[in-house]
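The next block holds one structure in the form of structure tokens; read it before the comments.
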Amino acid sequence: MEFKKKILDNGLTIIGEVNKSAKSAAVGFFVRTGSRDETAQISGVSHFLEHMLFKGTEKLDPLQVNQAFDKTGAQFNAFTSEENTVYYAAVLPEYLAEVTNLWIELMRPALRDEDFNMEKNVIKEEIAMYKDMPHFDVLDKGRSLYFDNHPCGQSVLGSVESIDALTAQQMREYFNNRYAPNNMVLAFVGNFDWENVCALAEKSCRSWQAQPVERKTQPFGGSKKTERITKQNLACEHICLVSPGVSMQDERRFAASMLAAIIGDDNGSRFFWELVDNALAETASMQCEAMDGTGAFYSYIRCTADNSEKVLGIVRSIFENLYQKGVTEQELQKARNKILSALVIKNELPMGRLVSLGFNWIYLQEYQAVNDDVQNIKSVTLDDVNNLIKQMNPGNFTKLSLTPAL
Amino acid sequence: MAEKIDRHILKNGMAIIGEPMESVQSVAFGFMLPAGAARLPAGCCGAANIIEDWVFRGAADMDSRTLGDKFDSLGLHRISSVGTSHLTFGSALQAENLDDALDLYTAVILQPQLKDELFEPARQLAVDGLLSLDDDPRHKVMLKLKEQFYGEPLGRSTEGEKEQLQSLTAEKTKQIIRDNFNIPRTIFAIAGKYDFDAVCKKLEQFFGNMPNLEQANIEYRESNIDYTHIENKGEQVHIGIMTATAKPQDDDYYDARMAVSVLSGGMSARLFTEVREKRGLCYAIGANYHGLKQAAGIICYAGTIPQTAQTTLDVIIEQFENLSKEITEEEIERAKTGLKSALILSSESSSSRAGQIAGDYYLLGRVRSLDEIKQKIDQTSVESVTQYLKNNPFKHYTVVTIGPKRVNWLNS
Chain A
0 MEFKKKILDN GLTIIGEVNK SAKSAAVGFF VRTGSRDETA QISGVSHFLE HMLFKGTEKL
60 DPLQVNQAFD KTGAQFNAFT SEENTVYYAA VLPEYLAEVT NLWIELMRPA LRDEDFNMEK
120 NVIKEEIAMY KDMPHFDVLD KGRSLYFDNH PCGQSVLGSV ESIDALTAQQ MREYFNNRYA
180 PNNMVLAFVG NFDWENVCAL AEKSCRSWQA QPVERKTQPF GGSKKTERIT KQNLACEHIC
240 LVSPGVSMQD ERRFAASMLA AIIGDDNGSR FFWELVDNAL AETASMQCEA MDGTGAFYSY
300 IRCTADNSEK VLGIVRSIFE NLYQKGVTEQ ELQKARNKIL SALVIKNELP MGRLVSLGFN
360 WIYLQEYQAV NDDVQNIKSV TLDDVNNLIK QMNPGNFTKL SLTPAL
Chain B
0 MAEKIDRHIL KNGMAIIGEP MESVQSVAFG FMLPAGAARL PAGCCGAANI IEDWVFRGAA
60 DMDSRTLGDK FDSLGLHRIS SVGTSHLTFG SALQAENLDD ALDLYTAVIL QPQLKDELFE
120 PARQLAVDGL LSLDDDPRHK VMLKLKEQFY GEPLGRSTEG EKEQLQSLTA EKTKQIIRDN
180 FNIPRTIFAI AGKYDFDAVC KKLEQFFGNM PNLEQANIEY RESNIDYTHI ENKGEQVHIG
240 IMTATAKPQD DDYYDARMAV SVLSGGMSAR LFTEVREKRG LCYAIGANYH GLKQAAGIIC
300 YAGTIPQTAQ TTLDVIIEQF ENLSKEITEE EIERAKTGLK SALILSSESS SSRAGQIAGD
360 YYLLGRVRSL DEIKQKIDQT SVESVTQYLK NNPFKHYTVV TIGPKRVNWL NS
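As you go down the protein sequences, you meet chains A and B in turn.
All the letters of the first sequence, read from the start, carry residue numbers 0 to 405 under numbering that gives the first Met the number 0.
All the letters of the second sequence, read from the start, carry residue numbers 0 to 411 under numbering that gives the first Met the number 0.
Take a look at the structure:
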């Protein structure tokens, strides 16, 4: 593995990790923008804009874009979160230049009115789809409740109302402010020639204009609110608990991922043995999400409405016990092994590697080889995890649940 | 470079197949036991889901907790699944833990404790899993669609039926395990970093003397159900459509796969273009090939608000009906590149590759090399795909909807 980096005069950062033994290569544009960077008037614009990038440029119409991607056999897509919009493609090495050129072109989109109006329908269908997925809906609502007025609580999708009210002109302005080269990273992994892709990016991207781009990153401890929403047409109780976590810039994030695995891994965790093994809950998991300047632990539990009180009582006692007694060396060891094997398996695929590489640069402006991550996980001690529990106190959570109407 | 396929058949018939992958540090394996949903006795739909959980609640001299801790201490990513024909137990892991992992799986398969008092939570989780399906209409519509399309027993829900789950007893479920954990008809597949001789030696030692059990083959009886609607006061109408196509072992399989790619292989394919790009009817729209040994179909999903459900269905059916018309060289070229690229990209993952070689071995009795598949794809053409579609017109569509509104479809 060889790491490469180049920063163009306009601020566009190009990074790459070359692995000549890979059968494929992956390319991605990481744009440091998401729903937390929106105002209420343009709620949902980052995600809508992500769709609109596929609608083409002054030279390419939407069908030509789709045909150009399919011609390369790329596995490609994009996603938008609270703080990033990522465009990616995995291809056979011989198609990398072609697909990279295509992404570069698309980063300067036409944003035509007629495409904007047609895609509005698709966005509203996507909003409707997620409303029919309570396991997603509860996390979205839980995040909003936890972050309250903090920008990280803003919905990625927006609402039907905000999408209806959005104009193409507002989107163009947002684009001009956020898709500046100094707010973007172009990343490559797998089997590729660094000099070639770099020359290609330099030639096509150097005319992009840098501009000041800001993000407010105030830390936040959570609203600690509780809300139970009764919903027609629901079979199970869906519970989301959110408590303070650590940011991507925080060294404790490795301990945080170990703690989340100890509490809420699918198998063998505290949640598993106390809730799932005895069938009180059908599923119970916890994840930590480290963000820009803040972070949170998310628990998701699904059970029957009849069991929900009992389940929450047990969750509270699990958190209380952790706060009083901490975790054991055996738990730490199991979590370490699980995380390490997940790390190895994920990074064997160029697509998995691309996301790690891109985000490390977006948040930290540093390169972390897989072995660095392995070392970081290995070096987490029992004290690190137990201190984190004392500092974060996962029992101090915001709770949102969706419950079936009787 | 052509990949190498390892193959060894134990004297009782159990197949061990493997594909070494030089560039990875991981290994993935699966035991495919012939105990899938369609093989279970009538009235026991869902038993495989209980078994999938119950066997892990203690094995050999290890109680449930000890066994769980041992799995975790190896850092295993456990992958269990209930399919139509098989119940599969497997893991992806770091290669150095393979030997210990195989010991644990051997205990789970050959010496599960099956304690009566641990049957109830296993059953309860299966019942709750079924309940949660009501909160996932997109998943549910596809299960219901396969049920209607393939009929009984081939289309049986892999999640089970509530009444049947509730009527199962520990004793009855133990009998199902005794009758269907048929080792000589089990396929063990492995891909990644491993020592094939060592794997074979271990499996021979523990599994090589297990006797063959009488097991009937799964019979396929064609189903002619046109339309099923499940009322649900959600936001969208979830539409599932399925129609018959060539099976994996048929001569015209690759033409059928190409036809599905022309229909829905990428974002420039016909369904996405006509339904989403030109009309904005859906966010999620797509069709895939779904092949079993006994029958196969093109399975299509679309989710849309009630006001546009009928139009969406009509436009989709129109794409199926027009599929044989005017297939272009460009469509075929894109479909070929897409299928070949997907094949190679997925071959970099040890888990995907273990699943693919196991599927091949079950369906075809051998493992196809990537080169063979690429060659077969390259041999297709505008003419061969068009001819295939003309010789095999879509005669019957099975339609299932879940949502606040029915659609008009034939008998409805």
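Heads up, the beta-carbon is just placed ideally off N, CA and C, and yes, glycines get one too.
How would you label residue i, buried or exposed, when you count the other beta carbons within 10 angstroms and need 16 or more for buried?
{"i": "Q74(A)", "result": "buried"}
{"i": "R251(A)", "result": "buried"}
{"i": "F2(A)", "result": "exposed"}
{"i": "I8(B)", "result": "exposed"}
{"i": "N195(A)", "result": "exposed"}
{"i": "P180(A)", "result": "buried"}
{"i": "N65(A)", "result": "buried"}
{"i": "G12(B)", "result": "exposed"}
{"i": "N181(B)", "result": "buried"}
{"i": "N216(B)", "result": "exposed"}
{"i": "E347(A)", "result": "buried"}
{"i": "A109(A)", "result": "buried"}
{"i": "D392(B)", "result": "One point to set straight first is that residue 392(B) is Pro, not Asp, in the sequence displayed. Label assigned to P392(B): exposed."}
{"i": "Q153(A)", "result": "buried"}
{"i": "K389(B)", "result": "exposed"}
Which residues in chain B sit within 8 Å of residue i, going by Cβ to Cβ distance?
{"i": "Q74(A)", "result": "S340, A341 and L344"}
Would you check whether the ligand ATP has a heavy atom nearer than 7 Å to the C-beta of residue i?
{"i": "I304(B)", "result": "This structure lacks the ligand ATP; in fact it carries no ligand of any kind."}
Residue range of the beta strand (DSSP E) that residue i falls in?
{"i": "Y294(A)", "result": "Residue 294(A) is actually Gly in this sequence, not Tyr. Counting along the chain, the beta strand (DSSP E) containing G294(A) begins and ends at G294 to C302."}
{"i": "N287(B)", "result": "I284 to G290"}
{"i": "M285(A)", "result": "T282 to A289"}
{"i": "F70(B)", "result": "No beta strand (DSSP E) contains F70(B), which is instead part of the alpha helix (DSSP H) from S63 to S72."}
{"i": "I388(A)", "result": "Where I388(A) is concerned, there is no enclosing beta strand (DSSP E), although the alpha helix (DSSP H) it sits in stretches over L381 to M391."}
{"i": "K375(B)", "result": "Where K375(B) is concerned, there is no enclosing beta strand (DSSP E), although the alpha helix (DSSP H) it sits in stretches over L369 to Q378."}
Which residues of chain B have a Cβ atom closer than 7 Å to the Cβ of residue i, listed in chain order?
{"i": "V343(A)", "result": "Q24, S25 and Q93"}
{"i": "A89(A)", "result": "L344"}
{"i": "V121(A)", "result": "R275, G279 and Y282"}
Using a Cβ cut-off of 7 Å, pull out every chain A residue sitting near residue i, in sequence order please.
{"i": "A283(B)", "result": "M128"}
{"i": "M266(B)", "result": "N65, F68 and D69"}
Please confirm whether residue i has its beta-carbon closer than 8 Å to some beta-carbon of chain C.
{"i": "P92(A)", "result": "Chain labels in this structure do not include chain C; the protein chains are A and B."}
What would DSSP say about residue i, mapped onto helix, strand or coil?
{"i": "M247(A)", "result": "coil"}
{"i": "F187(B)", "result": "strand"}
{"i": "E273(B)", "result": "helix"}
{"i": "Y366(A)", "result": "coil"}
{"i": "D5(B)", "result": "strand"}
{"i": "I430(A)", "result": "Nothing in the structure corresponds to residue 430(A), since chain A is present only between 0 and 405."}
{"i": "M0(B)", "result": "Below a pLDDT of 50, predicted positions are generally treated as unreliable, and M0(B), at 49, falls in that range; the measurement from the model is reported next regardless. M0(B): coil per DSSP, three-state reduction."}
{"i": "I304(B)", "result": "coil"}
{"i": "S79(B)", "result": "strand"}
{"i": "M117(A)", "result": "helix"}
{"i": "T168(B)", "result": "coil"}
{"i": "K129(A)", "result": "In the sequence under discussion, the amino acid at residue 129(A) is Tyr, which differs from the Lys named in the question. Note: Y129(A) maps to helix in three-state DSSP."}
{"i": "Y149(B)", "result": "helix"}
{"i": "A58(B)", "result": "strand"}
{"i": "A327(A)", "result": "According to the sequence displayed, residue 327(A) carries Thr and not Ala. Here T327(A) sits in coil by DSSP."}
{"i": "Q93(B)", "result": "strand"}
{"i": "H50(A)", "result": "helix"}
{"i": "C281(B)", "result": "coil"}
{"i": "G402(B)", "result": "strand"}
{"i": "V23(B)", "result": "coil"}
{"i": "R315(A)", "result": "helix"}
{"i": "M257(B)", "result": "helix"}
Output, in chain order, the set of chain B residues within a Cβ distance shorter than 9 Å of residue i.
{"i": "S442(A)", "result": "Chain A is shown from 0 up to 405; residue 442(A) falls before or after that span and cannot be answered."}
Starting from residue i, follow the alpha helix (DSSP H) in both directions and report where the run begins and ends.
{"i": "I41(A)", "result": "Here I41(A) belongs to no alpha helix (DSSP H), and DSSP marks it neither H nor E."}
{"i": "M257(A)", "result": "R252 to G263"}
{"i": "T385(B)", "result": "V381 to N390"}
{"i": "Y193(B)", "result": "No alpha helix (DSSP H) contains Y193(B), which DSSP labels as neither H nor E."}
{"i": "T336(B)", "result": "E328 to S345"}
{"i": "L362(B)", "result": "S349 to L363"}
Chain A partners of residue i, CB-CB under 9 Å?
{"i": "T168(B)", "result": "Near T168(B) there are no residues of chain A at all, since even the closest Cβ is about 17 Å away, more than 9 Å."}
Which runs of the alpha helix (DSSP H) spanning at least 4 residues fall entirely within the segment 57-96 of chain A, listed in chain order?
61-70
Could you name each continuous beta strand (DSSP E) segment of 3 residues or more that falls completely within the segment 199-252 of chain B, going from the start of the chain to the end?
226-230 and 236-243
What alpha helix (DSSP H) runs, 4 residues minimum, are completely inside the segment 136-192 of chain A?
159-164 and 167-177
Note down, one range per segment and in chain order, each alpha helix (DSSP H) of at least 4 residues found wholly within the segment 95-145 of chain B.
97-109 and 118-132
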